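*Asks:*
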Amino acid sequence: MASDPANSVALPERTPPVNILLVDDEPRNLDVLESLLHSAEYSLVRAQTAERALMLLLEGVFAVIVLDINMPGMSGIELAGLIKQRRRTQHIPIIFLTAYFQEDKDVLQGYGTGAVDYLTKPVNPEILRSKIAVFVELFRKTQALAASNAALEAEIRQRQQAEESLRQANDELEARVAARTAELVQLNQELQQRERALRASEAQVRFVTDYAPAFITQFDREHRFKFVNRTYARRFGLEPQQVIGQHFVEIMGEEADQIMRPHFEAALAGERVEFEAEIAYAGLGPRWVYVIHEPERAASGEIVGLLAVVTDITDRKLAEQEVARARDQALIAAKAKDDFLARLSHELRTPLNPVLLLASEAAGDPTLPPEVRADFESIAQNVTLEARLIDDLLDLTAITRGKLALALRPVRVHETLENALALVRQDLAQKNLRLVRQFDAPKDLVDGDDMRLKQIFWNVIKNAVKFTPPAGQITLCTRLSPDGGRMAITVTDTGIGMTAEECARIFTAFTQGDHALSGGGRYGGLGLGLAISRMLVQLHAGSISATSLGRDLGATFTIELPLSHAPMPVAPPAGSATPFARPGEPTPPPETRALRVLLIEDHQPTCRTLCELLTRRRYRVVTANTVADAYAAAARESFDFVISDVGLPDGNGCELMADLRARYGLRGAALTGYGRDEDVARSHAAGFVTHLTKPVSVRALDQALQQLVASLEPAN
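For the sequence shown, UniProt numbering begins at 1 and goes up steadily by one.
See below:
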């Protein structure tokens, strides 16, 4: 049915849709944005890459750009920078979308490229629509203003043409005045319209900046506020209009002005300034801020002021300071722990020293009955094991803190295995254990620390000996991996075996199998040897594992080490005494000519014992218990070398050694309960030829004496 023209209502002219550019590399994100912004008033244009977005911007006119920051290839920040470099697109507002909170510097970088806002994914639909509506309205007003300007310019040209025609025709003066009046009225209307547009634009800027998390301000050349966002003003309990026009010092005070003035001047000289500063705020106290000053230039290029963006970073600074304090306290605590363990080691080792010296000397004395020598051998063994426990505790601490350094060189594994076996040969004999060797590996050269590898093998073999009943068997095998790049060493025993759960935990410090804990402490130990062995194997880029078929079915330990491709040295380096040297193995004393020894030791039992042992070896010994006594003795007579404790009651043995060597050219052996790598290095740096860690066996003492005598030969 036709409608009645008389009753019809005129429809308003339809406003053409406004183009909105959506840029995101994820199609589903674009779909979400389209669904949120779907409207007959908008023409939503999609771009999945920065390059496509740039092409679309060249082809069309857009009211606003919704831009994802994180895109493959060119990022949203970089794309925004290119957009703002083009005159055609530099005024298009950009809303950044991001899936996570940006660093302050990223936010500032975004604002610096022209972003007007940040929205975090997932986007709040109402906020997004509200912001888009504001920018679309601003775009339409801008377009309308441009169209109006064009119309006005056309009308002005027409007026000018009419005026020229009137002048040429010498028309009436009243007509010319009327034309001029009409022109002035039109210009006034244009100015008013532009003023309204400017106020609207300022309102939009105010809306955006008031909700920015940063403090945004603008200053003239006299450091007076031209603009502040609401966030900044409310920090002082003020509204923006109460701050604008005030001098910086009137708002912030003299102290802050002194801090900021040099940065103001640098920006007004044309520099972009970024800095951090601690500034005292009234009512808030000291606050750390990150500040960016950007020069503001007029169209002529003249600097007319500066833009400041300030971010409060107090929480971050406080967190950094707390982390630094915690780190310093942890370092202090770790240093105190290391020092305590070193002192504890020294105090535990010192009383053992005379016991091990006398026991190992007596165990090797052929004039004593065999049963007496065996008793002394047992004493020496147990003292050595006690020292081993101390070493294990120190090794565990050093490894877990990453402070144990390996002296890597090409090492023959078969040779090192034989050396480790020599340390348990007597244990094998005492339990009547059969030892089977199957060294099938055609190559056995690895890059390793010979002393630490011997420690690993000794721990594993000693463990097998401990848990294998008398008359059992221990088998040592070596083989290469199928690819030929690694060497496997297996130690298999016929001992008490383990469960699968025990196999999984025996390499944990202070842990033993359940059977090891039963029987009233029958097997003993702290559960450190295998834990330290695993750590040392890992430091050698290897692996260690344990398997067993069950209780009373024995166990197999497998160590794998990467083979070395380096050539084997012609001869191994000499002079390093192993901490696993067995007590009681005699080492012939050097041929001496009644060499003179200055023995400096404040522990009287150790001093007496060493004096007696040195005298038996035909040395002339003078003892001193303090640094002062040592200096007095050295001044009275000459000596061939010195054996000195490092920790003396009135001074430091290392400093004493350095002084005696400088004055008299003396060599020396350090005698101390401190046996860490840094302690040994400190001894050598002071001039000691060798370093003896308490408790000292007779063999280690004889080796040290040989080194000292050898060091005298060039001089003699």
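For glycine and all other residues, C-beta sits at the position ideal for the given N, C-alpha and C. Source: prediction; values computed, not measured.
Check whether the Cβ atoms of Ala628 and Asp659 lie closer than 8 Å to each other.
*Replies:* It is not a contact, given that the beta carbons lie outside the stated cut-off.
*Asks:* Looking at the secondary structure, which residues open and close the beta strand (DSSP E) in which Asp493 lies?
*Replies:* Per DSSP, Asp493 belongs to the beta strand (DSSP E) from Arg486 to Asp493.
*Asks:* Return the first residue and the last residue of the beta strand (DSSP E) that Glu274 is part of.
*Replies:* Residues Val273 to Tyr281.
*Asks:* Taking the Cβ atom as the reference point for each residue, do Ile559 and Val460 lie within a distance shorter than 8 Å?
*Replies:* Yes. Within cutoff.
*Asks:* Under DSSP, the beta strand (DSSP E) around Val689 begins and ends at which residues?
*Replies:* Note, Val689: premise wrong, no beta strand (DSSP E); not H, not E.
*Asks:* Going by beta carbon distance, what residues of the same chain come within less than 8 Å of Leu445, once the five residues before and after it are set aside?
*Replies:* Counting only Cβ-Cβ distances below 8 Å, and skipping sequence neighbours, we find Pro410, Val411, Arg412, Val413, Leu563, Ser564, Ala566 and Met568.
*Asks:* Is the segment 262 to 279 touching the segment 228 to 237 in the sense that three or more CB pairs, one from each, lie closer than 8 Å?
*Replies:* No: the two stretches stay apart, fewer than three of their Cβ pairs being nearer than 8 Å.
*Asks:* Roughly how many angstroms lie between the CA atoms of Phe557 and Asp483, to the nearest whole one?
*Replies:* Each residue's alpha carbon lies about 21 Å from the other.
*Asks:* Taking its Cβ as the centre, do 16 or more other Cβ atoms sit within 10 Å of Ala686, making it buried, or is it exposed?
*Replies:* It counts as buried.
*Asks:* According to DSSP, is Gln707 helix, strand or coil?
*Replies:* In the structure shown, Gln707 sits in a helix (DSSP, three-state: H, G or I).
*Asks:* Specify, as a first and last residue, the run of the beta strand (DSSP E) that Ile303 falls within.
*Replies:* Run containing Ile303: Ile303 to Asp312, per the beta strand (DSSP E) assignment.
*Asks:* Distance check for Asp427 and Ser548, CA to CA, integer angstroms please.
*Replies:* Ser548 and Asp427: Cα-Cα distance of roughly 23 Å.
*Asks:* Just the Cα atoms here: how many angstroms apart are Leu666 and Lys694?
*Replies:* The straight-line gap from Cα to Cα measures roughly 22 Å.
*Asks:* Using 8 Å as the threshold, is the C-beta distance between Trp458 and Ala420 below it?
*Replies:* Contact: yes.
*Asks:* Taking Cβ positions, are Arg221 and Val304 nearer each other than 8 Å?
*Replies:* A contact, by the Cβ cut-off of 8 Å.
*Asks:* From Ala509 to Leu530, what distance separates their C-alpha atoms?
*Replies:* Each residue's Cα considered, the two are about 8 Å apart.
*Asks:* So who's on the other strand from Asp220, going by DSSP bridges?
*Replies:* DSSP lists Gly305 as partners of Asp220.
*Asks:* What span of residues does the beta strand (DSSP E) with Ser543 cover, start to end?
*Replies:* Note, Ser543: beta strand (DSSP E), Ser543 to Thr547.
*Asks:* Cutting at 6 Å between CB atoms, please list the residues of its own chain near Phe467, excluding the five before and the five after it.
*Replies:* The residues are Gly495 and Ile496.
*Asks:* Among residues of its own chain, excluding the 5 on either side of Leu553, which ones have a beta-carbon nearer than 6 Å to its beta-carbon?
*Replies:* The residues are Gly497.
*Asks:* Which residues does DSSP pair with Tyr664 in a beta bridge?
*Replies:* Answer by DSSP bridge pairing: none, since Tyr664 is not bridged.
*Asks:* Mapping DSSP to helix, strand and coil, what is Gln438?
*Replies:* Three-state DSSP puts Gln438 in a strand.
*Asks:* According to DSSP, Phe557 sits in a beta bridge with which residue or residues?
*Replies:* Per DSSP, Val491 and Ala546.
*Asks:* Please return the same chain residues whose Cβ sits closer than 8 Å to the Cβ of Arg608, not counting the five positions on each side in sequence.
*Replies:* Only Pro354 meet the Cβ criterion.
*Asks:* Would you say the segment 271 to 281 touches the segment 249 to 257, given that touching needs at least three Cβ pairs under 8 Å?
*Replies:* They touch, by the three-pair rule.
*Asks:* Could you pull out every unbroken beta strand (DSSP E) segment of at least 3 residues lying fully inside the UniProt domain "Response regulatory" (19 to 136), listed in chain order?
*Replies:* Runs found: 42 to 47, 64 to 68, 94 to 98 and 115 to 120.
*Asks:* Could you give the distance in angstroms between the alpha-carbon of Leu119 and the alpha-carbon of Pro262?
*Replies:* Approximately 35 Å between the Cα atoms of the pair.
*Asks:* Looking at the unbroken alpha helix (DSSP H) that takes in Val627, where does it start and where does it end?
*Replies:* Where Val627 is concerned, the enclosing alpha helix (DSSP H) stretches over Val627 to Arg636.
*Asks:* To which residues does DSSP link Pro286 through a beta bridge?
*Replies:* Paired residues: Ala280.
*Asks:* Residues in the same chain with beta-carbon distance under 8 Å from Ala10, minus the five sequence neighbours each way, listed in chain order, please.
*Replies:* The predicted position of Ala10 is uncertain, since its pLDDT is 46 and thus under 50; a value taken from the coordinates is nonetheless stated next. Result list for Ala10: empty, nothing under 8 Å.
*Asks:* According to the neighbour-count rule (16 or more other Cβ atoms, all chains shown, within 10 Å of its Cβ), is Tyr619 buried or exposed?
*Replies:* Per the 10 Å Cβ criterion, buried.
*Asks:* When the distance is taken between beta carbons, is Phe507 closer than 8 Å to Arg551?
*Replies:* Contact: no.
*Asks:* Does the distance from the CB of Leu692 to the CB of Leu613 come in under 8 Å?
*Replies:* In this structure, Leu613 does not lie closer than 8 Å to Leu692 by Cβ.
*Asks:* With distances taken between CB atoms, is the gap from Ala405 to Asp677 smaller than 8 Å?
*Replies:* In contact: Ala405 and Asp677 (Cβ atoms closer than 8 Å).
*Asks:* Would you be able to state if there are at least three C-beta pairs under 8 Å between the segment 148 to 166 and the segment 67 to 87?
*Replies:* No, the segment 67 to 87 does not touch the segment 148 to 166.
*Asks:* Name the one or two DSSP bridge partners that residue 723 has.
*Replies:* Summary: the structure shown does not reach residue 723, with the chain confined to residues 1 through 716, and so no result is reported for it.
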